Amino acid sequence: MSGANGVTETREPMLELDEIHVYYGNIAAVKGLSLTVYPGEIVTLIGSNGAGKSTTLRAISGLLPVRRGTVTFQGRKLNGVADHEVVRRGIAHSPEGRRIFPKMTVDENLDMGAFLRKDKEGIAEDREMILELFPRLRERISQKAGTMSGGEQQMLAVGRAMMARPQLLLLDEPSMGLAPVLVDVIFETIVRIREQGTTVLLVEQNALAALEVADRAYVLESGSLKLHGPADELAEDQEIVSAYLGG
Amino acid sequence: MAATATSVVVPATIDRKAVFQRYATYAILFGVVVWLGVNLIHAPAQFFSAGAEGLNNGMLYALIALGYTLVYGIIELINFAHGDLFMLGALFSGFLLTTVMGQTTSTLLGWVLLLVTLVATMAFCGGVNVTLEFVAYRRLRRAPKLAPLITAVGMSFILQFIGLKWNGSTPQQWPTILPEGSFGFGGFEVDYSLLAVVAVTVPVLLLLKWVVTSTRQGKAMRAVAQDQDAARLMGVNVNRTISFTFLIGGALAGTAGVMYQQVVGTTAYNLGYQMGLIAFTSAVLGGIGNISGAVLGGLLIGVIQGFNDGLPYGFHQKWSQTVVFTILILLMVFKPEGLLGRPTTEKV
Ligand SMILES: Nc1ncnc2c1ncn2[C@@H]1O[C@H](COP(=O)(O)OP(=O)(O)OP(=O)(O)O)[C@@H](O)[C@H]1O
Ligand SMILES: [Mg+2]
């Protein structure tokens, strides 16, 4: 497959969706979506409500079956792999609506993020790195996650996903419900996560902010790909801005 | 303006309700203390033997209640077949120890084989419970709540039918390894059976607590109980974790089955109905889904029943169930989430 806007990519893709179809019962939510993420990229998936963005992420992590088409991750086929095996392959998913474990403490939640890992030292390192990124979490380390504010829970959800030390991080609306200052913190964090060598596939309502940090973007409409291209070009396209980005 | 007005009124009504509840609780507790005190002074020996008897039953209730609460905690299913699983455990225990291994008296070999029977029955009931989940409940996990519930009722009938074929329609008497009788302890008589039940139940409960709080499987259980999809994303094998929960619940029912068969010495195919109902009540009383709550509820109901049945000033055995369920209803009115439950159903 060629890369964005006809520029031929020589790198091997990290994640490749090829014409995938995802259903809820008999209703198709994603229809023939193709998408490629290269190592080290931040790719954003944008589109209006109900376009199928979260569905796409859920299909990648195996929470939903892919009815047709293939998902390939690092050269290996991912569809059909058991849901709990996906994280072992190197994909961590911070889901829509945070989904932290409400009755566990912040510390226990982070610990759950590293559920499959055995390297005690690496886990301790990553925990420290995440608490550096989100000092607020350190202050609340023994608090039950369910009693934290929405913004704090969002940081925890991102931190928990990072505890898996993934190669690819799926983030579903990480800035949802955050105060503007915290939105900035989240986007800065995403850039820093990429600097540490993690590839990011980002779903965002806040499309303009997402386009600012992303390398490339895919625009989804009613389950199908509308267009894709370099993020800065999409951000400048007046038609797109008014139609999809609410600008 | 309206907002300020209500914000003044609402806390006041909540306060009044809380105060009323507190005084009602004090009044009930005061009544219970007076009742126990009068009995203690009037007949101390009876008081302690009734309490011990109650504790004995209470531990069995607790073991069975844990099976209800663990399963409810993780998949929000009331496993109606659980009481009947306990009944099968009691039958299996008698069958293995007496029919297969020919043990009828309290010899050293008998005690060793009783221990073997305990382990085998735990494995048997755990296995049956895992099978029930695998063949029936698993398929219905995404179905409306009523479907697995009715399936559980159906499973209860199936297990009862197996019990009926195995045990026969009339109660069956078994020789026991546990000696009858009691020994003197500080001027009171303590049954050997109580000692044996304590010696088995307490370590089993400690082991369970350790598994749930400190092991990887326990962590997985708590994660699945709180959010199945999130647990999947962490790499937790949800199916295996649910199987594991049924395994533990079944093993606990098996433990109770062996204890019952040895202490009471009689089995019946419909044994699971009444014991199961009371154990379920214990789980609800303690706060369904809460492990400590199930133990507390079981012990409480056992002891209350023991006192009610055995004390000179009580309602005696024929009112036993009435007393238990009256307490349950009163508690549900004042504290619907159970003794240790949180208003938002605390799980595992
Ligand atoms: N559990 C479900 N059952 C049935 N249909 C669903 C379910 N979840 C989502 N859908 C439908 O699938 C479509 C895509 O939903 P999805 O959650 O992927 O949208 P989205 O792009 O993430 O939207 P948003 O920006 O609002 O989060 C929608 O039409 C939605 O109604
Ligand atoms: Mg979404």
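Protein chains in written order, with the numbering used here: chain A, 16 to 262; chain B, 558 to 905.
Glycine residues also receive a C-beta, built at the ideal position from the N, C-alpha and C atoms.
Every value quoted in this text rests on a predicted model; they were computed, and no experiment measured them.
Query: Taking only heavy atoms of ligand 1 into account, decide whether any of them is closer than 6 Å to the Cβ of lysine 68/A.; Result: yes
Query: Residues of chain B with CB closer than 7 Å to the CB of arginine 142/A, please, in chain order.; Result: Correct list: empty, because the minimum Cβ distance to chain B is about 15 Å.
Query: Going along chain B in order, which residues have a C-beta closer than 7 Å to the C-beta of valine 102/A?; Result: Leu790, Met791, Gly792
Query: Do three or more CB pairs link the region 802 to 818 of chain B to the region 847 to 865 of chain B at distances below 8 Å?; Result: no
Query: Where does aspartate 134/A land, buried or exposed, given buried means 16+ other C-beta within 10 angstroms?; Result: exposed
Query: Does the contact criterion of 3 or more C-beta pairs under 8 Å hold for the region 827 to 844 of chain B versus the region 637 to 657 of chain B?; Result: yes
Query: Who are the neighbours of serine 76/A on chain B, taking C-beta pairs under 7 Å?; Result: Leu790
Query: Cβ closer than 7 Å: which chain A residues qualify as neighbours of glutamine 774/B?; Result: Neighbours of glutamine 774/B on chain A: none; closest Cβ ~11 Å, over 7 Å.
Query: Using a Cβ cut-off of 8 Å, pull out every chain B residue sitting near leucine 131/A, in sequence order please.; Result: Met791, Gly792
Query: Can you tell me whether glutamate 236/A sits near ligand 2, meaning its C-beta is under 6 Å from at least one heavy atom of the ligand?; Result: no
Query: Which one of Ser606/B, Gly850/B, Val795/B has the shortest CA to CA distance from isoleucine 632/B?; Result: Val795/B
Query: By the 7 Å beta-carbon criterion, what residues does the region 91 to 118 of chain A contribute toward chain B?; Result: Asp98, His99, Val102, Arg103, His108, Pro110, Arg114, Phe116, Pro117, Lys118
Query: List the residues of chain B that glycine 128/A touches, going by C-beta distances under 8 Å, in chain order.; Result: Met791
Query: Roughly how many whole angstroms lie between the Cα atoms of alanine 559/B and leucine 885/B?; Result: Model confidence at alanine 559/B stands at a pLDDT of 43, short of 50, so the residue's coordinates are unreliable; what they give is reported in the following sentence. Cα to Cα, alanine 559/B sits roughly 40 Å from leucine 885/B.
Query: Would you call the region 58 to 70 of chain A and the region 217 to 225 of chain A touching, i.e. three or more CB-CB distances under 8 Å?; Result: yes
Query: When you compare the CB of aspartate 784/B with every CB in chain A, is at least one pair closer than 7 Å?; Result: yes
Query: To the nearest angstrom, report how far apart valine 565/B and valine 576/B are at their CA atoms.; Result: Because valine 565/B carries a pLDDT of 46, less than 50, the predicted location of this residue cannot be relied on, and no value is offered for it.
Query: Across the region 576 to 595 of chain B and the region 839 to 855 of chain B, are there enough close Cβ pairs to call them in contact, namely three or more that are closer than 8 Å?; Result: no
Query: On the criterion of 16 or more Cβ atoms from any shown chain inside 10 Å, does glutamate 188/A qualify as buried, or is it exposed?; Result: buried
Query: Using the three-state DSSP reduction, which class does alanine 647/B fall into: helix, strand or coil?; Result: helix
Query: Kindly indicate if chain B contains any beta-carbon less than 7 Å away from that of valine 81/A.; Result: no
Query: Which first and last residues belong to the alpha helix (DSSP H) in which glycine 137/A is found?; Result: 135 to 148
Query: At 3 residues or longer, and completely inside the region 233 to 262 of chain A: list those beta strand (DSSP E) runs for me, N to C.; Result: 239 to 245
Query: Quick check on DSSP: helix, strand or coil for leucine 186/A?; Result: strand
Query: To the nearest angstrom, report how far apart arginine 155/A and leucine 648/B are at their CA atoms.; Result: 52 Å
Query: Determine the closest residue to leucine 315/A out of Gln169/A, Ile205/A, Ser237/A, Val173/A, with distance taken between C-alpha atoms.; Result: Nothing about residue 315/A can be read from this structure; chain A reaches only from 16 to 262.
Query: Using CA coordinates, which residue listed in Val841/B, Val676/B, Thr802/B, Ile861/B is at the minimum distance from valine 890/B?; Result: Val841/B
Query: How many angstroms separate the CA atom of glycine 863/B from the CA atom of leucine 751/B?; Result: 13 Å
Query: For alanine 172/A versus isoleucine 106/A, is the C-beta distance shorter than 7 Å?; Result: no
Query: Can you tell me which residues form a DSSP beta bridge with serine 739/B?; Result: Asp748/B
Query: Measure the alpha-carbon distance for leucine 597/B versus glutamine 874/B and round it to whole angstroms.; Result: 19 Å
Query: Taking the beta strand (DSSP E) that threonine 51/A falls in, what are its first and last residues?; Result: 42 to 52
Query: State buried or exposed for asparagine 41/A, treating a residue as buried only when at least 16 other CB atoms are found within 10 Å of its CB.; Result: exposed
Query: Relative to the alpha-carbon of alanine 780/B, which residue among Gly84/A, Asn124/A, Arg73/A has its alpha-carbon at the smallest distance?; Result: Asn124/A
Query: Note the first and the last residue of the continuous beta strand (DSSP E) segment covering serine 164/A.; Result: Per DSSP, serine 164/A belongs to no beta strand (DSSP E) and is neither H nor E.
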